[in-house]
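Chemist: Read in order, the letters of the sequence shown correspond to residues 1196 to 1481 in this note's numbering.
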Amino acid sequence: MTIGSALALLRMTPRDRALVEVLNELRYLTTAQVREVCYPSASAETTSNRLTILHRRGVLACLTHRAFDDRRAFWCLAPLGRAAAGSLAGSPADGPRACALAAVQMDHLIATNQVFCDLCAQCRAGRLGPFRWFGSHHACVDLGETRVVPDAVILAVASGGDVWSYWLELDRGTMAPAALAAKLRRYRALRQLAGLRRHEPVWEARAASWVLFACPDARRAALGAQVAAECGLERFWAGTASELPASLAQSIGPDLIPPVDSLPGFPGGVVSPAAPVTMIGKEALR
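1. In chain order, what residues of the same chain have a beta carbon less than 7 Å from the beta carbon of residue 1345, not counting five sequence neighbours either side?
2. Applying the criterion that 16 or more other CB atoms from any shown protein chain within 10 Å of the CB defines a buried residue, is residue 1300 buried or exposed?
3. I'd like the span of the beta strand (DSSP E) that includes residue 1306, first residue to last.
4. If you count every other CB in all the chains shown that lies within 10 Å of the CB of residue 1481, and 16 or more means buried, which is it?
5. Closest to residue 1374 by C-alpha separation, out of 1279, 1220, 1426 and 1259, would be which residue?
6. Exposed or buried, which one is residue 1219 when buried takes at least 16 other CB atoms within 10 Å?
7. Inspect the beta-carbon positions of residue 1268 and residue 1254 and report whether they are closer than 8 Å.
8. I'd like to confirm the pairing. Which residues does DSSP put opposite residue 1435 in its beta bridges?
9. Can you have a look at residue 1325 and say buried or exposed, based on whether 16 or more other CB atoms are within 10 angstroms of its CB?
10. Identify the residues that DSSP records as bridge partners of residue 1351: which are they?
11. Going by the CB atoms, is the gap between residue 1229 and residue 1247 shorter than 8 Å?
12. Can you name, in chain order, every residue of its own chain whose Cβ lies under 6 Å from the Cβ of residue 1448, other than the five neighbours on each side?
13. Please name the residue in 1339, 1314 and 1302 whose C-alpha comes closest to that of residue 1468.
14. Would you call the CB atoms of residue 1347 and residue 1307 closer than 8 Å?
15. Considering residue 1275, what are the terminal residues of the alpha helix (DSSP H) in which it resides?
16. DSSP has residue 1256 in a bridge; who is on the other side?
17. Can you name, in chain order, every residue of its own chain whose Cβ lies under 7 Å from the Cβ of residue 1353, other than the five neighbours on each side?
18. Do residue 1410 and residue 1377 come within 8 Å of each other at the CB atom, strictly closer than that value?
19. Output needed for residue 1283: all residues of its chain with C-beta closer than 7 Å, excluding positions within five of it in sequence on either side, in chain order.
20. Taking the alpha-carbon positions, what's the residue 1275 to residue 1223 distance?
21. Do residue 1328 and residue 1464 have their beta-carbon atoms positioned less than 8 Å apart in this structure?
22. How long is the line joining the alpha carbons of residue 1406 and residue 1431, rounded to whole angstroms?
23. By the three-class DSSP mapping on this structure, what secondary structure does residue 1364 have?
24. Residue 1389 and residue 1398 - do their beta-carbons sit closer together than 8 Å?
25. Alpha carbon to alpha carbon, how far is residue 1424 from residue 1386? Give it in angstroms, no decimals.
26. Using the Cβ count rule (16 or more neighbours within 10 Å means buried), how would you classify residue 1278?
27. By how many angstroms is the C-alpha of residue 1317 removed from the C-alpha of residue 1245?
28. Below 6 Å CB to CB, which residues in the same chain sit around residue 1476 once its five sequence neighbours on both sides are set aside?
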């Protein structure tokens, strides 16, 4: 830990630290999303002021995206913030290049991260237990000749110790049916490979995984369900992005144990900050 990152951590509140951990995984959030996840009891003005303070201290950086009519600001970690995040996680944080690449698809990334925010709201309301969220950069799986690259993976641990994983596909309605079918066939291949390697903890979780197809409207959801059925892909949920958090909460419920801090094959990730949790080691799943 550098002197700068140590001093930055000392001056942070618990909510500031939660924000650093969340941004280390999600990379960018709007001011409204930051408030929803990490400062839910604060006003919009108070949240904005706190972000400005962290910006002045060199913890956060702010990107304005002129492609948006509302001129939203997008917050990410500055170099000092990334160093602090590495200290909190006990491992090196992603470099600036990764954040720059993520900014190229900002609209899609922010829409994906909104699902995380909405799930945190379900967690805060007591309808969903603690979960761990993995961004796309930590969720891709190499299948040999091809790979699966979800927008995110949601991992939860049942009271009996079973690990449940949910692979999020945030569909914007722009992908042609043939391309969508090709993507869903890759998920079927993933499931088939996982079935052959169930003795390994990470593949056991993948074998029992669900694909969550979050899309703009009911018509697109129906198309996704039809294509999944034609591809032979089971354990497939399709609905609008706004419906997904409540549906997942209803399916999983609040009775979850704290999610693992790491799992082989699932590097990184961040625990939902809405509910206080005590981490358990990866040894518990071995």
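Using N, Cα and C, we set each Cβ at its ideal position, and we do this for glycine too.
Modeler: Per the coordinate set shown:
1. The residue labelled residue 1345 in the question sits at position 150 within the sequence shown. Cβ within range, chain order: 1331, 1334, 1362, 1363 and 1364.
2. Taking the sequence shown and counting its residues from 1, one reaches residue 1300 at position 105. Exposed, since its Cβ has fewer than 16 Cβ neighbours within 10 Å.
3. The sequence position of residue 1306 within the sequence shown is 111, counting from 1. Counting along the chain, residue 1306 falls outside any beta strand (DSSP E), though it belongs to the alpha helix (DSSP H) covering 1301-1319.
4. Start at 1 with the first residue of the sequence shown, and residue 1481 comes out as number 286. Residue confidence is low: residue 1481 scores 24 on pLDDT, short of 50, so the model does not pin down where it sits. No coordinate-derived value is stated.
5. Position 179 of the sequence shown, counting from 1, holds the residue named residue 1374. The residue with the shortest Cα to Cα distance from residue 1374 is 1426.
6. Translated into positions along the sequence shown, residue 1219 becomes position 24. Looking at its Cβ environment, which holds 16 or more other Cβ atoms inside 10 Å, residue 1219 is buried.
7. By 1-based counting over the sequence shown, the position of residue 1268 is 73. By 1-based counting over the sequence shown, the position of residue 1254 is 59. Not closer than 8 Å, so no.
8. As a position in the sequence shown, residue 1435 is number 240, starting the count at 1. 1410, per the DSSP bridge assignment.
9. Reading the sequence shown from its first residue, position 130 is the one you call residue 1325. Residue 1325 should be labelled buried.
10. Position 156 of the sequence shown holds residue 1351. According to DSSP, residue 1351 bridges with 1359.
11. One-based indexing of the sequence shown puts residue 1247 at position 52. One-based indexing of the sequence shown puts residue 1229 at position 34. No, they are not a contact pair.
12. Mapped onto the sequence shown, residue 1448 falls at position 253. So the list is empty, once near-sequence residues are dropped.
13. Translated into positions along the sequence shown, residue 1468 becomes position 273. Ranking the options by Cα distance to residue 1468, first place goes to 1314.
14. Stepping through the sequence shown from its first residue, residue 1347 is reached at position 152. Stepping through the sequence shown from its first residue, residue 1307 is reached at position 112. In contact: residue 1347 and residue 1307 (Cβ atoms closer than 8 Å).
15. One-based indexing of the sequence shown puts residue 1275 at position 80. Counting along the chain, the alpha helix (DSSP H) containing residue 1275 begins and ends at 1274-1284.
16. For the purposes of this step, residue 1256 is taken as residue 61 along the sequence shown, with counting starting at 1. In the DSSP output, where bridge partners are listed per residue, residue 1256 has 1271.
17. Counting from one through the sequence shown, the residue named residue 1353 turns up at place 158. Hits under 7 Å: 1359 and 1451.
18. The residue labelled residue 1377 in the question sits at position 182 within the sequence shown. The residue labelled residue 1410 in the question sits at position 215 within the sequence shown. Contact flag unset, no.
19. Reading the sequence shown from its first residue, position 88 is the one you call residue 1283. Cβ neighbours of residue 1283 beyond the five flanking positions: 1212, 1215 and 1216.
20. For this step, residue 1275 is matched to residue 80 along the sequence shown. For this step, residue 1223 is matched to residue 28 along the sequence shown. Near 16 Å, if we compare the C-alpha coordinates of residue 1223 and residue 1275.
21. Indexing the sequence shown from 1 puts residue 1464 at position 269. Indexing the sequence shown from 1 puts residue 1328 at position 133. Yes, Cβ-Cβ distance for residue 1464 and residue 1328 is below 8 Å.
22. The sequence position of residue 1406 within the sequence shown is 211, counting from 1. The sequence position of residue 1431 within the sequence shown is 236, counting from 1. Each residue's Cα considered, the two are about 5 Å apart.
23. To locate residue 1364, count along the sequence shown from 1; it is residue 169. In this structure, residue 1364 counts as strand in the three-state DSSP scheme.
24. In the sequence shown, counting from the first residue as 1, residue 1398 sits at position 203. In the sequence shown, counting from the first residue as 1, residue 1389 sits at position 194. Yes, the Cβ-Cβ distance between residue 1398 and residue 1389 is below 8 Å.
25. The residue given as residue 1386 occupies position 191 in the sequence shown. The residue given as residue 1424 occupies position 229 in the sequence shown. Using only the alpha carbons, I get a separation of about 15 Å.
26. The count along the sequence shown starts at 1 and reaches residue 1278 at position 83. Classification for residue 1278: buried.
27. For the purposes of this step, residue 1245 is identified with residue 50 of the sequence shown, where counting begins at 1. For the purposes of this step, residue 1317 is identified with residue 122 of the sequence shown, where counting begins at 1. The alpha-carbon atoms of residue 1245 and residue 1317 are separated by roughly 24 Å.
28. Looking up residue 1476 in the sequence shown gives position 281. Low local confidence applies: a pLDDT of 32 at residue 1476 is under 50, so the model's placement there is unreliable, and no value is given.
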